[in-house]
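Everything in the sequence shown is counted per numbering that gives the first Met the number 0, starting at 0 for the first residue and increasing by one.
Backbone N, C-alpha and C fix where the C-beta goes; we use that ideal spot for every residue, glycine too.
To start, the structure itself, in structure tokens.
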Amino acid sequence: MPTDARLRMDEAKQVENKSAATQSAAPRTGARRWAWLRLSHQHTAFSATLLLMASTFLSRIIGLAREKIIAYFFGAGSQTDAYRAAFQLPEMITYLLVGGVASITIITLLSHYREQGKEAEGEEALSVILSTMLLVLGAAILLAEIFASSYTRIFFPGFDAEKAALCTRMTRILLPGQLFFFAGGILAAVQMVRKQFTYQAIAPLLYNVGIIAGAVLLARYCGVSSLAIGALVGATAGWFLLNAIGAYRVGMRFRFHLDLSHPGLREWLRLSIPLMIGVSLVTVDTWILSYFASHGRGDIARLGYAKRLFSTPMAILGQAAGAASLPFFASLAGKGRMKEFAASVNRSVTRIFAFAFLLSAWMIALARPAVDLILRGGDFHSSDATATALYFAIFAGSLCMWAAQAIYARAFYAAGNTLTPMVASTLIAAISIPFYGWMFHRMGVVGLALASDIGITVQTVVLALLLNARGLVEARGLEFSELGRALLAATTSGAGIFFLARWLPAAETYRADLLLLTCGSAAWFLLCWGVLRATGSTLPQQLIARLRGRAGNGAAGRSAEGIA
Numbered sequence: 000m001p002t003d004a005r006l007r008m009d010e011a012k013q014v015e016n017k018s019a020a021t022q023s024a025a026p027r028t029g030a031r032r033w034a035w036l037r038l039s040h041q042h043t044a045f046s047a048t049l050l051l052m053a054s055t056f057l058s059r060i061i062g063l064a065r066e067k068i069i070a071y072f073f074g075a076g077s078q079t080d081a082y083r084a085a086f087q088l089p090e091m092i093t094y095l096l097v098g099g100v101a102s103i104t105i106i107t108l109l110s111h112y113r114e115q116g117k118e119a120e121g122e123e124a125l126s127v128i129l130s131t132m133l134l135v136l137g138a139a140i141l142l143a144e145i146f147a148s149s150y151t152r153i154f155f156p157g158f159d160a161e162k163a164a165l166c167t168r169m170t171r172i173l174l175p176g177q178l179f180f181f182a183g184g185i186l187a188a189v190q191m192v193r194k195q196f197t198y199q200a201i202a203p204l205l206y207n208v209g210i211i212a213g214a215v216l217l218a219r220y221c222g223v224s225s226l227a228i229g230a231l232v233g234a235t236a237g238w239f240l241l242n243a244i245g246a247y248r249v250g251m252r253f254r255f256h257l258d259l260s261h262p263g264l265r266e267w268l269r270l271s272i273p274l275m276i277g278v279s280l281v282t283v284d285t286w287i288l289s290y291f292a293s294h295g296r297g298d299i300a301r302l303g304y305a306k307r308l309f310s311t312p313m314a315i316l317g318q319a320a321g322a323a324s325l326p327f328f329a330s331l332a333g334k335g336r337m338k339e340f341a342a343s344v345n346r347s348v349t350r351i352f353a354f355a356f357l358l359s360a361w362m363i364a365l366a367r368p369a370v371d372l373i374l375r376g377g378d379f380h381s382s383d384a385t386a387t388a389l390y391f392a393i394f395a396g397s398l399c400m401w402a403a404q405a406i407y408a409r410a411f412y413a414a415g416n417t418l419t420p421m422v423a424s425t426l427i428a429a430i431s432i433p434f435y436g437w438m439f440h441r442m443g444v445v446g447l448a449l450a451s452d453i454g455i456t457v458q459t460v461v462l463a464l465l466l467n468a469r470g471l472v473e474a475r476g477l478e479f480s481e482l483g484r485a486l487l488a489a490t491t492s493g494a495g496i497f498f499l500a501r502w503l504p505a506a507e508t509y510r511a512d513l514l515l516l517t518c519g520s521a522a523w524f525l526l527c528w529g530v531l532r533a534t535g536s537t538l539p540q541q542l543i544a545r546l547r548g549r550a551g552n553g554a555a556g557r558s559a560e561g562i563a
């Protein structure tokens, strides 16, 4: 191992240890309270989750503005169908070649190097992996650029010639962005292993800003293709350049190095190949929906709007908590502390389920005014809002499953087992395809939305049972009494909103939407809080305590807790 690499990693380790010592010794002043926002701050499981949830929330708020702009300029018709479909081939290539989760397996690998005190070897392995996969991914993207039109004809059989050509053009614009997503994910993993999450928190914000800027600045010149251009710029500046700066600051130095026999590359392939050859419903759900919905004008667009609105709370609960928890899960598993590992996973899933129950009640009861207020306007009409709201409400019913499966999957990854979830997810995805088709032919697009809910429910339950069967996480470790209280509160609050809506104006105006959202949200909060307190739930106290920071400062090195 080169001496300069060892020196850089030793220096980075010394700075990191000094930073951690300073953080633990610092008094709890106002500046200390906000120290977790510093770019170089070393996070606990809770502070990392809080940061990523805040980032995800801001990203989704910006994402709502993005969806509003797209809806206003392009509505829910052929152009938007083509734009949504254009992402499928780029995402499929990344998913099949690097498992779609390169940073997850890299975190597991680098955590093992780090626990063994071999960070310099870890840096070399990282350079080999990045060099090799950039060549492989680059070659695949080149082939995709050539055969993009053929792909569009096969996977979107309902598109006419004009829509297919537009989709192909935007696909070719988006394809190079996958190189930047992949490299950025690898570089983000370098920081996450060191419990630094701030750059990763900022990256998605810039990506969404790029799409908005593309629409605002280029729509009059490039039409709907302006969105694809903005997405490419956002991927370059947000996911790649920002994470490259963060990785450089923690001491990582990339050098192009090809070595197919390198043990680090082989171990990464061992972890990643199951994810590459496997197919998860989490990813293919959108592909299946788009395939069947391609036969109707605007159906892909309306389903896409509903999915993106739904993804806001889903990402905040599931993806942010899962991303923050993985390094801590991996650390516990790497040290052989499996009882703490299992307790952390169950604690996380219990909180995820509980909060998801409550949030789903709000989403289902207030779907119509929320969608109407956010999207209606310009080329997006009231009928589009009504259909989108229905799909959104159906998707909201499975929020807890989408969020929990992210934790269960990462529990497998942290334990170094990617094969078991791959086999299970692939079988479920294969069975889902004819099931989606059957539901579509019986119930139309509504059937597709319901099939999506059923499919993710099956996947989540299967992952939980497999973790239990492998002796990693016992399903009975969930806090079922707490879940029952949360479900009761959700049911009561949802019913209260529906009752309240009968007494408020039903006019389709922004003022009526705001009135119903304001009154409904207040009723939801009061009913949820009241039922939780009356039934003895610990959720309110835990949430207040964590927001006040009582559980934050002394938690360095502890396992993922609370909603993390």
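Hey, would you say Ser573 sits closer than 8 Å to Phe239, going by beta carbons? Only positions 0 to 563 of the chain appear in this structure, which leaves residue 573 out of reach.
Would you check if the segment 283-303 and the segment 379-389 touch, i.e. whether three or more CB-CB distances between them fall below 8 Å? yes
Please name the residue, chosen from Ala124, Met132, Cys166, that lies closest to Glu576 on a Cα-to-Cα basis. Since the first residue shown for the chain is 0 and the last is 563, residue 576 is missing from the structure and cannot be characterised.
Phe181, DSSP secondary structure in three states: Against the sequence shown, residue 181 aligns to sequence position 182. It is helical.
From Phe497 to Gly396, what distance separates their C-alpha atoms? Translated into the one-based positions of the sequence shown, residue 497 becomes position 498. Translated into the one-based positions of the sequence shown, residue 396 becomes position 397. Between Phe497 and Gly396, the C-alpha separation is close to 16 Å.
Hey, is the segment 405-413 in contact with the segment 326-337, meaning 3+ C-beta pairs nearer than 8 Å? yes
Between which two residues does the alpha helix (DSSP H) carrying Thr151 extend? Reading the sequence shown from its first residue, position 152 is the one you call residue 151. Residues 118-154.
Under 8 Å, do Gly621 and Phe379 count as touching if we go by C-beta distance? Coverage of the chain is limited to positions 0 through 563, which leaves residue 621 absent and any answer about it impossible.
Sequence-distant residues of its chain with Cβ nearer than 7 Å to Ser310 (five each side left out): As a first step, residue 310 must be located in the sequence shown, where it is residue number 311. Answer for Ser310: no residue qualifies.
For Thr93 versus Phe180, is the C-beta distance shorter than 8 Å? Looking up residue 93 in the sequence shown gives position 94. Looking up residue 180 in the sequence shown gives position 181. Yes, they are a contact pair.
Just how far apart, CA to CA, sit Gly233 and Ala202? Start at 1 with the first residue of the sequence shown, and residue 233 comes out as number 234. Start at 1 with the first residue of the sequence shown, and residue 202 comes out as number 203. Going by the C-alpha atoms only, they are around 9 Å apart.
Would you list the residues sitting across from Gly376 in a DSSP beta bridge? One-based indexing of the sequence shown puts residue 376 at position 377. Gly376 pairs with Phe379.
Contact defined as beta carbons within less than 8 Å: I believe Val186 pairs with Asn242. What is the distance between those atoms, to the nearest angstrom? For the purposes of this step, residue 186 is identified with residue 187 of the sequence shown, where counting begins at 1. For the purposes of this step, residue 242 is identified with residue 243 of the sequence shown, where counting begins at 1. The identity of residue 186 in the sequence shown is Leu, whereas the question assumes Val. About 4 Å; that satisfies the 8 Å criterion.
Figure out for me which residue from Ala341, Phe354, Gly415 has the closest Cα to the Cα of Ala110. In the sequence shown, counting from the first residue as 1, residue 110 sits at position 111. Note on identity: in this sequence residue 110 is Ser, with Ala being the wrong assignment. Comparing Cα positions, the closest option is Gly415.
Have a look at Met421, Gly333, Ala246 and flag the residue whose alpha-carbon is nearest the alpha-carbon of Gln115. Within the sequence shown, numbered from 1, the residue matching residue 115 stands at position 116. The shortest C-alpha separation from Gln115 is found at Gly333.
Out of Ser279, Ala489, Ser381, Ile393, which has the shortest C-alpha to C-alpha gap to Ala450? Your numbering for residue 450 matches position 451 in the sequence shown. Of the candidates Ser279, Ala489, Ser381, Ile393, the one whose C-alpha sits nearest the C-alpha of Ala450 is Ile393.
6 Å CB neighbourhood of Glu507 in its chain, flanking five on each side removed: Position 508 of the sequence shown, counted from the first residue, corresponds to residue 507. Excluding residues within five positions, the ones whose Cβ falls inside 6 Å are Ser381.
Roughly how many angstroms separate the alpha carbons of Ser538 and Arg269, rounded to a whole number? The residue given as residue 538 occupies position 539 in the sequence shown. The residue given as residue 269 occupies position 270 in the sequence shown. A small fix is needed here, since residue 538 is Leu in this sequence, not Ser. Roughly 40 Å separates the two Cα atoms.
Please report the residue range of the alpha helix (DSSP H) in which Met251 lies. Translated into the one-based positions of the sequence shown, residue 251 becomes position 252. Counting along the chain, Met251 falls outside any alpha helix (DSSP H), and DSSP gives it neither H nor E.
From Ala292, Ala360, Ile69, residue whose alpha carbon lies closest to that of Gly436: Against the sequence shown, residue 436 aligns to sequence position 437. If we check each option's Cα against that of Gly436, Ala292 comes out closest.
Pull up the CB-CB distance for Leu264 and Thr131, whole angstroms please, since I reckon it's below 8 Å. Position 265 of the sequence shown, counted from the start, is the residue given in the question as residue 264. Position 132 of the sequence shown, counted from the start, is the residue given in the question as residue 131. Correct: roughly 6 Å between the Cβ atoms.
For the alpha helix (DSSP H) containing His440, list its first residue and its last residue. Counting from 1 along the sequence shown, the entry for residue 440 is found at position 441. From DSSP, the alpha helix (DSSP H) with His440 extends over 418-442.
For Thr534 and Ala64, what's the separation of their Cα atoms in angstroms? The residue labelled residue 534 in the question sits at position 535 within the sequence shown. The residue labelled residue 64 in the question sits at position 65 within the sequence shown. So the alpha carbons of these two residues sit roughly 38 Å apart.
Take Leu482 and list the residues in its own chain whose beta-carbon comes closer than 7 Å to its own, dropping the five residues that flank it on each side. Looking up residue 482 in the sequence shown gives position 483. Answer for Leu482: Thr349, Phe352, Ala353, listed in chain order.
Option in Leu513, Phe72, Ile153 with minimal Cα separation from Leu372: By 1-based counting over the sequence shown, the position of residue 372 is 373. The residue with the shortest Cα to Cα distance from Leu372 is Leu513.
CB-CB under 7 Å to Trp221, same chain, minus the five flanking residues each way: which ones, in chain order? Along the sequence shown, one-based indexing puts residue 221 at 222. Checking the displayed sequence, the identity of residue 221 turns out to be Cys instead of Trp. Correct list, in chain order: Ile228.
With burial defined as no fewer than 16 other Cβ atoms inside 10 Å of the residue's Cβ, what is the status of Phe420: buried or exposed? Numbered from 1 along the sequence shown, position 421 holds the residue referred to as residue 420. Inspection of the sequence shows that residue 420 is occupied by Pro rather than by Phe. Its Cβ being crowded by 16 or more others within 10 Å, Pro420 is buried.
What's the C-alpha gap between Leu133 and Ala366? Within the sequence shown, the letter at position 134 stands for residue 133. Within the sequence shown, the letter at position 367 stands for residue 366. Cα-Cα distance, rounded: 42 Å.
Suppose contacts are defined by Cβ-Cβ distances below 8 Å. Is Gly213 in contact with Ser225 by that definition? The sequence position of residue 213 within the sequence shown is 214, counting from 1. The sequence position of residue 225 within the sequence shown is 226, counting from 1. Cβ distance < 8 Å, so Gly213 and Ser225 count as in contact.
Presumed contact (8 Å Cβ cut-off) between Thr459 and Met400, rounded CB distance: Counting from one through the sequence shown, the residue named residue 459 turns up at place 460. Counting from one through the sequence shown, the residue named residue 400 turns up at place 401. Going by Cβ atoms, the distance from Thr459 to Met400 rounds to 4 Å, so yes, they are a contact pair.
Hey, would you say Ile210 sits closer than 8 Å to Pro175, going by beta carbons? Residue mapping note: residue 210 aligns to position 211 of the sequence shown, counting from 1. Residue mapping note: residue 175 aligns to position 176 of the sequence shown, counting from 1. Their beta carbons are not under 8 Å apart, which means Ile210 does not touch Pro175 by this criterion.
Beta-carbon proximity of Ala611 to Gly476, cut-off 8 Å: As displayed, the chain neither begins before 0 nor continues past 563, which places residue 611 out of reach and without an answer.
Can you tell which of Gln78, Ser289, Leu418 has its C-alpha closest to the C-alpha of Ala448? As a working mapping, residue 448 is identified with position 449 in the sequence shown. For the residues Gln78, Ser289, Leu418, the minimum Cα distance to Ala448 belongs to Ser289.
Just curious, the alpha helix (DSSP H) that Phe354 is in, first and last residue? The residue given as residue 354 occupies position 355 in the sequence shown. Phe354 -> alpha helix (DSSP H) spans 337-364.
Using only CA atoms, which one of Ser58, Ile60, Tyr71 lies nearest to Asp383? Taking the first residue of the sequence shown as position 1, residue 383 is located at position 384. Out of Ser58, Ile60, Tyr71, Tyr71 has the C-alpha closest to the C-alpha of Asp383.
Cβ-heavy atom distance, Phe327 to the ligand COA, below 7 Å: As for the ligand COA, it is missing from this structure, which has no ligand bound.
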